Structure formats: C-alpha cells, structure tokens
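Trainee: Sharing a structure, written as structure tokens. Questions coming.
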Amino acid sequence: MKKNKITFWGVRGSFATPDLNKMNFGGDTSCVSLETDNQIMILDMGTGARNLGRYIISNPNSPKILNIFLSHYHWDHMLGFLSFAPLFSNEYEINIYGKKDRLQLKDIINHMLDPIFWPASYDHFNAKLNFHTIDDKIILSENLVVESQIHNHPNDAFSYNILFDNKKVTYITDCEYISGEINKKLVDFTKNTDLLIHDSHFTKEDLPDHKGWGHSSWNQAIEMAQISNAKQLALYHYNPDYDDKKINLIEKHAQKIFKQTIAPKQGLVIYL
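Using our numbering, the letters of the sequence shown map in sequence onto residues 6 to 277.
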C-alpha cells in the first residue's frame, strides 16, 4: 500500500444519480477513504462505500482494522452500510465514530436494517463492530490524529481534520453558513490545510432558494479555501441535478478564482 492515498468513492450529494449525463463525475454519494500508516480511514458511508468495500476485501494485504467517521446520519451518508462487504466478514474489526444524537449510533444502523426496509439484518454482520461518540480529538496512532468541529446543518454535522505525516486533510460537507458568512471557527479549524474537501452543492444563484437546506455554494468553498490558506480545494457533494457539463463549467470558473481547485470525479486518487 502506498502511503497517504486519498480516494473519492462517492462525490454526489443527496441522491445517487445513475443518469448517463452524470456518469463522468459519477453518481454515488459521499464516501472518501484515506490509506495511511497501515490504516484505512473512511469519511462517510454513502453509496460510494459499496465499491470501497469491494476494493478492501479484494486486497489481501489491506488492513483488518477500519475506522469510519460519519459527518452525520442523513441517508446519503449512510446507505453504504447496507452493502459494505467488510461488515459481513469476521476478518475485520470496524470502529464507527458518530455524533451523539437522540438514538445511539448502533440503534440508528440497526433501524436501517429493519426487515421493513432491507432484507439483511444487523445479525448478518460478522465483523467486530465498535461504536464511538465523536470527541474533539481522537488519536488513532502516533502518526494519525482526527480532530472534529461541529457545524451548521439540519440536526447538525461534523467537520474533520485528519493529521498525518505532517499533512492535514480537512473534510467539510453538508455545511450551511449562517447569513452567508463563513464560519470563523471553521476557518481556524481549516487553517493551512493541505487539502480542503468542501461542500459545493449549489451555485451562488441557486443557494438563496434553498436557505435552511444545510449546504454551501462552490463560491463559498473557494472563500473558505482562500481565507484559511488551503493549499488545494476539492469541490464535493455535487447537486444531483447538476450534470457533467455543468460541473465541468463550475470547475473552470472556480479555477479562475482559486487556481488550486479540482472537481473530483468518482474514483479519483490523490497522493499526499
């Protein structure tokens, strides 16, 4: 395993989109993995997690301890649990980190697997599962630390910093800025990051009609990257109504403002 490998398994927001005019960027929902220090970290479990699971079990040298960090519990960040292959294998130990809520995290996942909704129950999971409430700082190893910061979204969500090998990756998705102003706490949290993965669900023209939906525009993602002195910006959580042509255009416009911007396609790999 090469060190510090980041893979975008799902980049779409809200709904998976199998439409032909969206296949270039991909239709699976939120899921990003980081392979480092002989560990695999997973950010969100949208439908993109299905292919991640297949990748993990197909690699005999992959780590057997996995760490999943959930930004929140909305469907587009959770549906991957239904078909994540390592969950069904007793070869894996899986740590799942999520925010404190009205229901315990285990109960939330168990509810998703109720036979009313899905044929495979929680009892079909053979992996060893450990459930954790998010702390401000979580030390996974001497070389791998995760920091968290709550941000505005319906029922709240969390941003993450992943710190490793003197590198920093910041993950901010499903984030709405109150009154349209960038959150100072998040600016401080993001400061000098090597890679900022940021919610870019709307254009600035579409954003005003969706107040309270819990999302940012790609323009706000750029503003955060500029203010926080991010080295690179990855747009993320694309609107399910935006086709490949529109996202390509957004990327071109974004790069004119902040040159180090990319619009990741599903399957993109970045090494840091």
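Glycine included, each C-beta is placed from N, C-alpha and C at the ideal position.
Keep in mind the model is a prediction, meaning the values are calculated, not measured.
Could you give the DSSP three-state label for H206: helix, strand or coil?
Mentor: If DSSP states are grouped into helix, strand and coil, H206 belongs with coil.
Trainee: Is the CB-CB distance between I275 and K10 below 9 Å?
Mentor: In contact: I275 and K10 (Cβ atoms closer than 9 Å).
Trainee: Taking a contact to mean a Cβ-Cβ separation below 9 Å, would you say H278 touches D204 in this structure?
Mentor: Residue 278 lies beyond the range of the chain shown here (6 to 277); nothing can be said about it.
Trainee: Here's a check: name, in chain order, each residue in its chain whose Cβ is nearer than 8 Å to the Cβ of S222, leaving out the five neighbours to either side.
Mentor: Result list for S222: S205, H206, F207, T208, K209, D211, L212, in chain order.
Trainee: Quick one: residues in its chain with C-beta nearer than 6 Å to the C-beta of D248, no 5 flanking neighbours on either side, listed in chain order?
Mentor: If we look at D248 and ignore the five residues flanking it on each side, its Cβ neighbours are N26, K27.
Trainee: If you drop the 5 nearest sequence neighbours on each side, which residues of the same chain put their C-beta closer than 7 Å to that of R17?
Mentor: Excluding sequence neighbours, R17 sits near G31, G32, D33, T34, Y243, P245.
Trainee: Between A54 and the rest of its own chain, which residues show a CB-CB distance below 6 Å, the 5 nearest in sequence each way excluded?
Mentor: Taken in chain order, the residues that qualify are C36, G85, F89.
Trainee: With DSSP as the reference, label H77 as helix, strand or coil.
Mentor: Coil.
Trainee: For the region 171–199, list the alpha helix (DSSP H) runs that are entirely contained and at least 4 residues long, ordered along the chain.
Mentor: Complete alpha helix (DSSP H) runs here, min 4: 189–195.
Trainee: When burial is assigned at 16 or more other CB atoms within 10 Å of the CB, is K142 buried or exposed?
Mentor: Its Cβ having fewer than 16 others within 10 Å, K142 is exposed.
Trainee: Looking at the unbroken beta strand (DSSP E) that takes in Q44, where does it start and where does it end?
Mentor: Looking at the DSSP string, the run of the beta strand (DSSP E) that includes Q44 is 44–48.
Trainee: With DSSP collapsed to three states, give me the class of S19.
Mentor: S19 falls in the coil class under three-state DSSP.
Trainee: What does the alpha-carbon distance come out to for the pair N100 and K270?
Mentor: Each residue's Cα considered, the two are about 27 Å apart.
Trainee: How do the region 63–81 and the region 178–196 stand: do at least 3 beta-carbon pairs fall below 8 Å, yes or no?
Mentor: Cβ pair count under 8 Å is three or more, so yes.
Trainee: Give the DSSP bridge partners of F239, in chain order.
Mentor: Checking the sequence, you will find Ala at residue 239 rather than Phe. Bridge partners of A239: I202, I267.
Trainee: Check for me: the alpha helix (DSSP H) holding S35 runs from which residue to which?
Mentor: Unbroken run through S35: none, as it is neither H nor E.
Trainee: Beta-carbon separation of N148 and D128 under 9 Å?
Mentor: Contact: no.
Trainee: Report yes if the C-beta distance between Q237 and Q265 is below 9 Å; otherwise report no.
Mentor: In contact: Q237 and Q265 (Cβ atoms closer than 9 Å).
Trainee: Go through its chain and collect everything with a Cβ distance to I280's Cβ below 6 Å, but skip five positions before and after it.
Mentor: No answer is possible for residue 280: the residues shown for the chain start at 6 and end at 277.
Trainee: Run through DSSP, which three-state label would N72 get?
Mentor: Strand.
Trainee: Return the residue from the list H156, L200, N188, P159 that minimises the CA-CA distance to L168.
Mentor: When only C-alpha atoms are compared, the closest one is L200.
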